[in-house]
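To start, the structure under review is shown below, and the notes come after it.
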Amino acid sequence: MIEEVKRLKAILEEKGAYDLQIENWGRREFAYEIKKEKMGFFINFTFQTEDTGLVDEVRRLLAISDTVLRSQSHRIDVKTRRVRRFLKKIADLEIGSDTGATDGESELGDLEENLA
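Numbering (this note's numbering), first residue to last: 19 to 134.
This is the structure:
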């Protein structure tokens with residue numbers, strides 16, 4: 019799964035996606051069984067792009083992947099993105115975290131630690 023996350027991150031960066039954030043939501047139980055699996059890892063990718071074809075390409079790659087059981091994509095308006103970014107900064111300040119990284123590196127590192 020780590021390889022899949024790294025591969026998707028590399029593709030997004032290569033194709034010009036920016037404000038890339040990767041969040042590991044951890045291992046969770048599905049609402050219903052998917053391909054005989056009851057649990058799985060939830061990974062949230064948030065990014066911006068000018069290339070509308072990039073979203074279609076990401077959907078296609080996730081659909082043909084053997085490690086991805088289910089995927090969703092959502093279009094988020096600019097105001098919502100700004101509010102989310104602001105709330106994340108506030109949460110980082112409250113925790114005392116000074117990372118504030120938005121390039122996905124720290125989140126990817128946390129993901130690797132959780133899966134090790």
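Where is the CB? At the ideal position from N, CA and C, for every residue including glycine.
Bear in mind that the values here come from a model prediction, so they are computed numbers and not experimental data.
Rounded to the nearest angstrom, the gap between the Cα atoms of Ala49 and His92 is 19 angstroms. Between the C-alpha atoms of Trp43 and Leu30 there is a straight-line separation of about 20 angstroms. With contacts defined by Cβ atoms closer than 8 angstroms, Ile61 and Ile94 do not form a contacting pair. For Ala35, no beta strand (DSSP E) segment is defined, and its DSSP state is neither H nor E. DSSP places Glu75 inside the alpha helix (DSSP H), whose first and last residues are Thr70 to Ile82.
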